[in-house]
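Written out below as structure tokens is the structure these notes cover.
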Amino acid sequence: MKPEFSIILLTVLAGMAEGVLFFLVGADAITLLKGGAVSFDIMLYGVILSVALAGLGTMASFFHLHHKSRGIKAIKRWRFSWLSREVLLLPLFIGLTVVYGICAIIGVATWLRLLSGLAGVFVGLALGISSGMIYCSVRYIREWANPYTPINFVVIGLAGGSVILLATLELVKADHDLIMILLRMAIPVTVIAMTAKGMSYLYNSTAYSSTTLQSAIGAWRSDIVLMDTGCAYENYNTREYFHKSGKKIERAMIWFVMTVLFILPLSMLTLDYVAVFNGHPSTWGVLAALSMLIGGLAERWLFFVQGNHVQNLYYGRFVDKNGKNPILQPGKTAGPLPPVS
Amino acid sequence: MTQLALVIDLAKCVGCHACAVNCKEWNTSGTFGPLPDGEPYGKEPDGVWFNRVQTYEVGSYPDVEVFYFPKSCMHCKDAPCVKVCPTNASHKRAEDGIVLVDYDECIGCKYCSWACPYGCREFDEYAGVMKKCTLCVDRIYDEKLPEEERVPACVKTCPSSARTFGDIDDPDSAASVKVRDGAGYMPMPESGANPSNRYLAHRPVKTALDEERVIVKKHQFVEEAEKTDRPQDPEYFDFAG
Ligand code: SF4
Ligand code: SF4
Chain A
6 MKPEFSIILL
16 TVLAGMAEGV
26 LFFLVGADAI
36 TLLKGGAVSF
46 DIMLYGVILS
56 VALAGLGTMA
66 SFFHLHHKSR
76 GIKAIKRWRF
86 SWLSREVLLL
96 PLFIGLTVVY
106 GICAIIGVAT
116 WLRLLSGLAG
126 VFVGLALGIS
136 SGMIYCSVRY
146 IREWANPYTP
156 INFVVIGLAG
166 GSVILLATLE
176 LVKADHDLIM
186 ILLRMAIPVT
196 VIAMTAKGMS
206 YLYNSTAYSS
216 TTLQSAIGAW
226 RSDIVLMDTG
236 CAYENYNTRE
246 YFHKSGKKIE
256 RAMIWFVMTV
266 LFILPLSMLT
276 LDYVAVFNGH
286 PSTWGVLAAL
296 SMLIGGLAER
306 WLFFVQGNHV
316 QNLYYGRFVD
326 KNGKNPILQP
336 GKTAGPLPPV
346 S
Chain B
26 MTQLALVIDL
36 AKCVGCHACA
46 VNCKEWNTSG
56 TFGPLPDGEP
66 YGKEPDGVWF
76 NRVQTYEVGS
86 YPDVEVFYFP
96 KSCMHCKDAP
106 CVKVCPTNAS
116 HKRAEDGIVL
126 VDYDECIGCK
136 YCSWACPYGC
146 REFDEYAGVM
156 KKCTLCVDRI
166 YDEKLPEEER
176 VPACVKTCPS
186 SARTFGDIDD
196 PDSAASVKVR
206 DGAGYMPMPE
216 SGANPSNRYL
226 AHRPVKTALD
236 EERVIVKKHQ
246 FVEEAEKTDR
256 PQDPEYFDFA
266 G
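Those protein sequences? They're chains A and B, same order as listed.
Counting along the first sequence from 1, when you hit position 109 you're at 114 in the numbering used here, and nothing is skipped either side.
Counting along the second sequence from 1, when you hit position 90 you're at 115 in the numbering used here, and nothing is skipped either side.
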């Protein structure tokens, strides 16, 4: 599928915003349990960070819509469409984050602040799942229609958010204990995200759609050759569902994503942990966050490029189970008949 | 229930693209138009079409055959495109099963096109809305048209009568009879979308011209010329028989 930058920005930034709030509320609760309190300005920075990320994502999403003024109509079918749910949950999430921030600023009762924070976290997770389900419910793209999609959207968002929050705390020189708490959460969640993404790439490399050109046009012959696609040059169907230059670097990008999104940040976080543990101030978290941001954008880009829609069969652009792509390799034959079940 | 649909006989289709062209002509000036073109005379022509005819070759040399596969919206019974639309712009009419897009509601998110397994929706970059085959809903109910013309433009124009239009849920409609007699099938049945359009398989058709039975009708002009005493052009009569 063709990667669209506005959607990439929306899903990556909104995911990180969810993660930031998740770990801010988490750190808040843990500090309370330990008998302390997160300072007022740290809470403010955290809330501003989360709202800024989600707000930027929302702005980016508007660039995807061709009728921006009608955007509000998109919540109409929230009972049926995951896209509707995402559109509904995004402002709700921002609103709840702001409420949590206000609770922290005006100093309402602790239980009320935690409750609003938990509500925000809950809506944030629902938002992440909705974003993932938009893609997961497109059953004609097997790289998307599997449980890894919503899981990845959520855990990568959490990992990214935790590291960005850590970086912010390090930049504003938050106290040592708080940074330690965050580091202890950021490292495991990044490892979990790496495992989930790795499994998703493994799944994508072996699973394949059972639909063939034979069934798509109902001609049960093994030797079908597509001669003409019915368009003189390109059309919406050839542009939207297939990204030629992206497909060529797909394999290399998997390694790039795994390195820049997970391996580099994890090594930096380890260095960070060692430094902070020994009581030295450290800014490794900032570098880790930058790396994760780049890796996160690359991951979402690759997610789109990997999507192999069955309608590509009609245009000779379907990547078959042998990883062969008729456009990238000479010859366009459909290949042998699939076994009859 | 009524489910209007197209039944396309791939053995009769000669791949002339008349249906696609006539569709474009009708719909560009019709209620659901325009179907814009980008650079129509340039090097990289690009445009919105509701119907495209694809060409396939089967067999290996010298026993090869070519057949054509016209593809437009299947007006699926369980239309996945309708299910995902966040605004209700994409909808399936209860009265005749036609799947339409309401251009005033569509926000241009393209989600429906991802959900369509047949690649039958094309985005209009200029209007910013999704477009697709309407089964000529602005023709088939138009009482200003003579009765026999109230069919989709593609059906009306097909020179080899490869297309039949009708209610596939009515077992006695011409479309249903054609499906029954010709073993009509659904393309990509495993899509779960339950497409309504049906195809009759491509099969080799032997045609031979029986000279005895060929009737050549004299041109009206010639007949009139014969009635009068005008001098006749011998060359012309050679041609007209
Ligand atoms: S063919 Fe595609 S656009 Fe038409 S009804 Fe089916 S899913 Fe929708
Ligand atoms: S592009 Fe328009 S018709 Fe399609 S899903 Fe979006 S709003 Fe609905």
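Note that beta-carbon positions come from the ideal geometry of N, C-alpha and C, so glycine has one too.
The closest heavy atom of ligand 2 lies 8 Å or more from the beta carbon of PRO270 (chain A). Relative to ligand 2, the nearest heavy atom lies less than 8 Å away from the CB of CYS110 (chain B). The C-beta of THR216 (chain A) comes closer than 9 Å to at least one C-beta of chain B.
In this structure the segment 169 to 184 of chain A lies against the segment 280 to 294 of chain A, because at least three pairs of beta carbons, one per stretch, are closer than 8 Å.
The C-beta of GLY55 (chain B) comes no closer than 9 Å to any C-beta of chain A. A distance below 9 Å separates the beta carbons of GLY162 (chain A) and ALA19 (chain A).
At a Cβ-Cβ threshold of 9 Å, VAL177 (chain A) and TYR50 (chain A) count as neighbours. Put simply, the backbone Cα of LYS181 (chain B) is about 22 Å away from that of TYR210 (chain B).
Under the Cβ criterion (8 Å, minimum of three pairs), the segment 54 to 63 of chain A does not count as touching the segment 108 to 119 of chain A. The C-beta of SER250 (chain A) comes no closer than 9 Å to any C-beta of chain B. Closest by C-alpha distance to GLY100 (chain A), out of A:GLY24, A:GLY122 and A:LYS202, is A:GLY122. Under the three-state reduction of DSSP, ARG118 (chain A) is assigned to helix. Leaving aside the five residues that flank ILE184 (chain A) on each side, the residues in its chain whose CB is nearer than 6 Å to its CB run, in chain order, LEU174 and VAL281.
Take VAL91 (chain B), set aside five residues on each side of it, and the residues of its chain with a beta-carbon closer than 6 Å to its own are GLU82, in chain order. Look at VAL92 (chain A): its beta carbon is at least 8 Å from all of the heavy atoms in ligand 2. Close partners of GLU239 (chain A) in chain B (Cβ separation under 8 Å): GLU69 and ASP71.
Residue range 154 to 157 is occupied by the beta strand (DSSP E) that includes MET155 (chain B). In this structure MET26 (chain B) is exposed. Its beta-carbon is surrounded by fewer than 16 other beta-carbon atoms within 10 angstroms.
In the structure shown, MET232 (chain A) falls within a strand segment according to DSSP collapsed to helix, strand and coil. Residue contact with chain B for TRP87 (chain A): present (Cβ-Cβ distance below 9 Å to some residue of chain B). Cβ neighbours of ASP103 (chain B) within its own chain (closer than 8 Å, five residues either side excluded): GLY217, ALA218 and ASN219.
Non-local C-beta neighbours of ALA114 (chain B) in its own chain, meaning closer than 6 Å and more than five positions away in sequence, comprise VAL126, ASP127, GLU130 and CYS131, ordered along the chain. In the three-state DSSP reduction, HIS314 (chain A) falls in the strand class (E or B). For VAL128 (chain A) and LEU266 (chain A), the gap between their C-alpha atoms comes out near 25 Å. Looking from the CA of VAL89 (chain B), the closest CA among B:PRO229, B:GLU237 and B:ASN52 belongs to B:PRO229. Listed as beta-bridge partners of ASN76 (chain B) by DSSP are B:SER97.
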